[in-house]
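Worksheet for the structure shown next.
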Amino acid sequence: MSASAALATKVAATTDFDAIVIGAGMSGMYQLIRLRELGMKARVFEAGTGVGGTWYWNRYPGCRFDSESYSYGFSFDQDLLAEWSWTEHFAPQPETERYLNRVADKYDLRRDIQFSARVKAAHWNDAAGHWAVTLEDGSRHTARFLITAIGALSAPTMPTIPGMASFKGPAFHTGLWPKQPVDFAGKRVAVIGTGASGVQTIQEVAKTAAQLTVFQRTPNWCAPLHNAKIPAEEMAEIRTRYAEIFQRCQETASCFLHTAHPQNTFDVSAEERNAFLEKLYTERGFGIWVGNYQDMLTNREANAVISEFVANKIRSRVKDQKVAELLIPKNHGFGTRRVPLETKYYECYNQPNVTLVDSKATPITEITPTGLKTSAAEYEFDIIVYATGFDALRGAFDRIDFRGKDGVALKDKWQNGATSLVGMLQDGFPNMFMLLGPHTALGNIPRSIEFNVDWVTGLLRHMQAHGQQVAEAKPEATAKWMEHVMDCAAGLLSMEVDSWMTGVNSNVAGKQTRIVARYTGTAPVYRSWCDELAAQGYNDLVLA
Ligand code: NAP
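Oh and the sequence shown: position 260 is 369 in the working numbering, straight run, nothing missing.
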């Protein structure tokens, strides 16, 4: 018997599993594949009834990638890359869910996944050296290792408007969308919220609803997606470039195909700058956000130039200039919040069946049995859609009672903002590894997931090879990492803006103050920290 198999057997004798993974989205699925390779007995607990995570829950109309499809799929399986055809440059949700189910089928993942199993609590038992995980059904399961794969944008938040339960018609949150398609044809529909989810929903619902009323509290800077079908020949050509595509994703700051322009905004003439911005506006995807002049998100004057450029685009696309002005953000510059990508979003407001309500000027005061009231008017609706976002980043952690050494609650430890070592470990919480935890590089998410999973797998392999059973971040290493996280955020214009990226959610108590909620360094720098940690034999961890 190999050393690793012997360890796996020993651990299995004292706990139910070697590892428990929470969540069967892309992180949990890929982690399960790697745990099996280590010879570990693993169990994934998933609250939904199917795999896919984000792509399982977010099935609202119009939901699709904002990353190019071929940069988003798993990169680790060459056969799957050779077999799978993306039909659009930015695939719609049903296609991505199908893709992830194909991965689950291929690797027979479901045999180790317990569905409809929401984790309520996870407590570390120091004496036994294991985690005890309690599900909402009251069942209890133990494992040496606990791996959280619970997502960064997975805890939907509803507003707290009086009367919400009284509404007689159907009401949906975009992130908890029902499996049965919702028919909007001929209906009077309200959409509350204009983030990336709201924008995608609005442009789809506007096609069939009798009346669509959009309640916008803060406008966002949106830019064209320029989606298109991928013909078979083009997909065949893309397949030949996968190595190059994934290599490119490794090199860019946020793992997208786009990378910042090496020049500053005012290094070039106004004509050259305008031509470049026009080019970005006609190109696919996030280029206009992450492929713009390199000082666009740090230099106020530079940011004002691009903001005015996009404002003029909005003015040219929306016929009623009063509506156009309402759609142009006035309290933050372009790119300082997540840029929703759109397809004829602004043109929706030229349609006679679409109305925009400024819910900053006239806030929603009450949801009624037949619709809603604002401070200025009363509206009747058949359907209400809440596109009100998520308790992002640490929100999914706050919803589970995690307790580390000495019964310390993670929620208490993170009272003033999450801390971590490279986003994946937390001192005081041995053998808990967080995939996409606070302060991991996010960006094009699957690229970050694959890196996180491979890094955790590398650590587990190291522990197997050295007969080590417990890993914990050293507090001083956490402090050093957090110093780096804070340094990265200095000078970013996005730090001056309320958004999920700065830890603000108006619907969650205690989350009204801006913090450095996420890692804002580049993915290559992030990876170099993680790689260095491993290369130094995990000296920044206590391994026992
Ligand atoms: P979001 O960006 O946080 O937007 C929530 C919206 O709801 C905002 O417009 C917010 O207004 C509004 N809102 C919240 N509470 C409200 C209240 N009580 N009254 C009135 N309005 C309220 O959430 P999201 O659109 O779900 O997007 C979150 C993130 O998920 C995105 O930034 C993106 O990273 C990801 N996402 C990705 C994709 C994709 O890749 N295709 C699609 C969708 C989402 P305020 O701005 O005034 O707070």
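Every residue, glycine too, gets a C-beta built ideally from N, C-alpha and C.
Query raised in the report: Is the beta carbon of Phe174 within less than 8 Å of some heavy atom of the ligand NAP?
Result: yes
Report task. For the segment 113-199, list the alpha helix (DSSP H) runs that are entirely contained and at least 4 residues long, ordered along the chain. Result -> 135-146, 163-166, 178-181 and 187-192
**Report entry** Reduced DSSP category for Val300 - H, G, I as helix; E, B as strand; rest coil
**Finding:** strand
Report task. Report yes or no: do the segment 401-409 and the segment 436-446 share at least 3 C-beta pairs separated by less than 8 Å? Result -> yes
Requested in this report: Could you tell me whether any non-hydrogen atom of the ligand NAP is closer than 8 Å to the CB of Asp467?
Outcome: no
Query raised in the report: Hey, would you say Ala362 sits closer than 9 Å to Ala632, going by beta carbons?
Result: yes
Query raised in the report: So does Pro268 have its beta carbon nearer than 8 Å to some heavy atom of the ligand NAP?
Result: yes
Query raised in the report: Looking at the structure shown, is Ala644 part of a helix, part of a strand, or coil, going by DSSP?
Result: helix
Query raised in the report: Applying the criterion that 16 or more other CB atoms from any shown protein chain within 10 Å of the CB defines a buried residue, is Arg168 buried or exposed?
Result: buried
Query - Met595 classed as buried or exposed, judged by whether at least 16 other C-beta atoms fall within 10 angstroms - result: exposed
Query - Proximity test, Asn616 beta-carbon vs the ligand NAP heavy atom, cut-off 8 Å - result: yes
Query raised in the report: Beta-carbon separation of Asp607 and Pro265 under 9 Å?
Result: no
Query raised in the report: Should Ala258 and Ser136 be called a contact, given that it needs their Cβ atoms to be closer than 9 Å?
Result: yes
Query - Neighbourhood of Leu601 by C-beta distance below 7 Å, restricted to the same chain and skipping five residues each side - result: Leu406, Thr407 and Thr629
Query raised in the report: Going by the C-beta, is Ser608 closer than 8 Å to any heavy atom of the ligand MG?
Result: This structure simply doesn't include the ligand MG; it includes the ligand NAP instead.
Query raised in the report: Helix, strand or coil: which one does DSSP assign to Ser111?
Result: With a pLDDT of only 45 at Ser111, under 50, the local geometry of the prediction cannot be trusted, and no value is derived from it.
Query raised in the report: Whole-angstrom Cβ separation of Leu545 and Gly260, contact assumed at under 8 Å?
Result: 6 Å
Query raised in the report: Which partner residues of Asn234 appear in the DSSP bridge assignment?
Result: His239
Query - the segment 537-551 / the segment 228-247 touching (three or more Cβ pairs under 8 Å) - result: yes
Query raised in the report: Residues in its own chain within less than 6 Å of Tyr510 by CB, not counting five upstream and five downstream?
Result: Residue 510 is actually Asp in this sequence, not Tyr. Correct list, in chain order: Ala230.
Query raised in the report: Nearest to His335 by alpha carbon, out of Val160, Met267, Glu559 and Thr452?
Result: Thr452
Query - Cβ pair count under 8 Å reaching 3, the segment 318-328 against the segment 460-472 - result: yes
Query raised in the report: Under a three-way DSSP split, which group does Thr93 fall into?
Result: Residue 93 lies beyond the residue range present for the chain, which begins at 110 and ends at 653; the question has no answer from this structure.
Query raised in the report: Given 8 Å as the limit, is there contact between the segment 290-300 and the segment 491-498, that is, 3 or more CB pairs closer than that?
Result: yes
**Report entry** At least 3 beta-carbon pairs within less than 8 Å: the segment 137-151 vs the segment 205-217
**Finding:** yes
Query - Nearest residue (CA-CA) to Gln223, options Gly272, Arg503 and Glu245 - result: Glu245
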